[in-house]
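To start, the structure itself, in structure tokens.
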Amino acid sequence: MPPCCNIEDRDLFFENLQHVRTVTIACAEFCPHAIIAIQTPPVDCNFALCIHTLQLARVYDKRKVLGVNAINSMRANQLFCSITGSDPSTRSTPVICGTGRCTRVPVFSAGNASNFPQTQVDCLTRLVREADDIICKVKSNSEQGHLSIGFATARFVVNIMKGLFEKPTFIDSALVEQAHPEKCYNMTICATPVTVGKNGIQDYAVPNLNEAETRLLEDSKCDLEDMLNLGRCHAVGDEYFVHPAKICPGCYCTPCRVCEPCMRKKTQT
């Protein structure tokens, strides 16, 4: 099922997980050295489902499994270039952390956005994160931007092929398992720009963040961990529990003090 309006990521995952699992098992059996690019939504969940399924088959190579984050990077870059007047084809705007509504973190500071007021940067960030919902409203809740998603994904795959058969090629953003988590905001799995060569990922380009982007990243980690855990549990058969940080603590109200009725007090006096 493609991205749809008015459907939660979890429900979409339950619709698509069997397709991802079937294809992953087939790849593990018949082409264990293939590079796998995961575009089936929600990518955060299905990426975890794929890598843990490959681990169970003992053919997992973290350099050869990528979650497609091309559409988010393309949207962020287009928005930034429309304001600066620069050519989108000559620059890129990375989107880190994850690929979902609550996990994508555009890094506009990488494009020297220091001259922009923070309110404008916050507006651009909100547009990138809420792009799916905005498109649904424009299209009267009928569909998302399937053409733009298809174009961005095709460019992503073409860049992988160039890296495999021509020369190392830069990819704007991909959800991957990091080689050095300590250099990537202490995150084992995170979307970052990467360079793909003949053996898969050969370089990870982790952008520096400003204060606002760091806060947004920290707020997004919980949602990404929860989505990754959902995919992992369905791959290995563990029982899924909601991330503790997503559970609202119960509020305890102190009981009111028991008082005597006012009329009784008056009669006693």
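For the sequence shown, the working numbering gives the first residue as 145, with consecutive numbering after it.
No residue lacks a Cβ here, since even glycine has one placed at the ideal position from N, Cα and C.
Can you check which of these residues, the options, is closest to residue i by C-alpha distance?
i	options	result
Ile215	Ala170, Leu193 and Ile315	Ile315
Arg245	Ile333, Ile278 and Pro337	Ile278
Thr334	Leu210, Lys281, Val203 and Lys306	The question names Thr, yet the displayed sequence has Cys at residue 334. Per the Cα distances, Leu210.
Val203	Phe174, Asn190 and Pro185	Phe174
Asp382	Thr197, Gln183, Pro337 and Val350	Thr197
Asp370	Gln222, Ala220, Val350 and Cys241	Cys241
Ile345	Glu355, Lys311, Met331 and Asn190	Lys311
Ser364	Asp276, Met331 and Pro232	Met331
Asp153	Glu357, Thr243 and Val212	Thr243
Val380	Ile195, Ser317, Gln322 and Lys327	Ile195
Ala254	Gly229, Asn221, Cys267 and Gln264	Asn221
Thr313	Lys206, Pro388, Val338 and Thr297	Val338
Quick check: the Cα distance between residue i and residue j, rounded to an integer number of angstroms?
i	j	result
Tyr348	Leu319	11 angstroms
Val309	Lys342	Before going further, note that residue 309 is Phe rather than Val in the sequence given. Approximately 7 angstroms, taken between the alpha carbons.
Leu200	Leu193	11 angstroms
Asp188	Leu368	7 angstroms
Phe252	Met218	12 angstroms
Cys149	Cys280	6 angstroms
Gln262	Thr247	20 angstroms
Ile227	Gly289	22 angstroms
Arg299	Pro185	18 angstroms
Arg359	Ser236	22 angstroms
Ala181	Cys171	12 angstroms
Val144	Pro351	Residue 144 cannot be examined here, being either before or after the span of the chain that is shown, 145 to 413.
Pro325	Arg165	26 angstroms
Ile151	Phe157	10 angstroms
Thr336	Val272	16 angstroms
Asp276	Asn213	14 angstroms
Cys414	Leu353	Limits of the chain in this structure are 145 at one end and 413 at the other, which puts residue 414 out of reach.
Would you decide whether residue i is buried or exposed? Buried here means 16 or more other CB atoms lie within 10 Å of its CB.
i	result
Thr168	buried
Leu291	exposed
His177	exposed
Thr234	exposed
Pro250	buried
Val340	buried
Asn256	exposed
Asn259	exposed
Ser317	buried
Glu362	exposed
Taking residue i as part of the beta strand (DSSP E), name the residues at either end of that continuous run.
i	result
Thr336	Ile333 to Gly341
Ser317	Thr313 to Glu321
Ile151	Element bounds for Ile151: n/a, residue is neither H nor E.
Gly211	Val209 to Val212
Can you tell me where the alpha helix (DSSP H) with residue i in it begins and where it stops?
i	result
Asp367	Glu355 to Val380
Arg270	Gln262 to Arg273
Gly255	Per DSSP, Gly255 belongs to no alpha helix (DSSP H) and is neither H nor E.
Ala192	Val187 to Leu200
Give a single yes or no on whether residue i has its beta carbon closer than 7 angstroms to a heavy atom of the ligand COA.
i	result
Cys241	Summarising the ligand content, the structure contains no ligands, and the ligand COA is consequently not present.
Say whether the region 155-172 touches the region 370-383, bearing in mind that this needs 3 or more beta-carbon pairs closer than 8 angstroms, one atom from each stretch. yes
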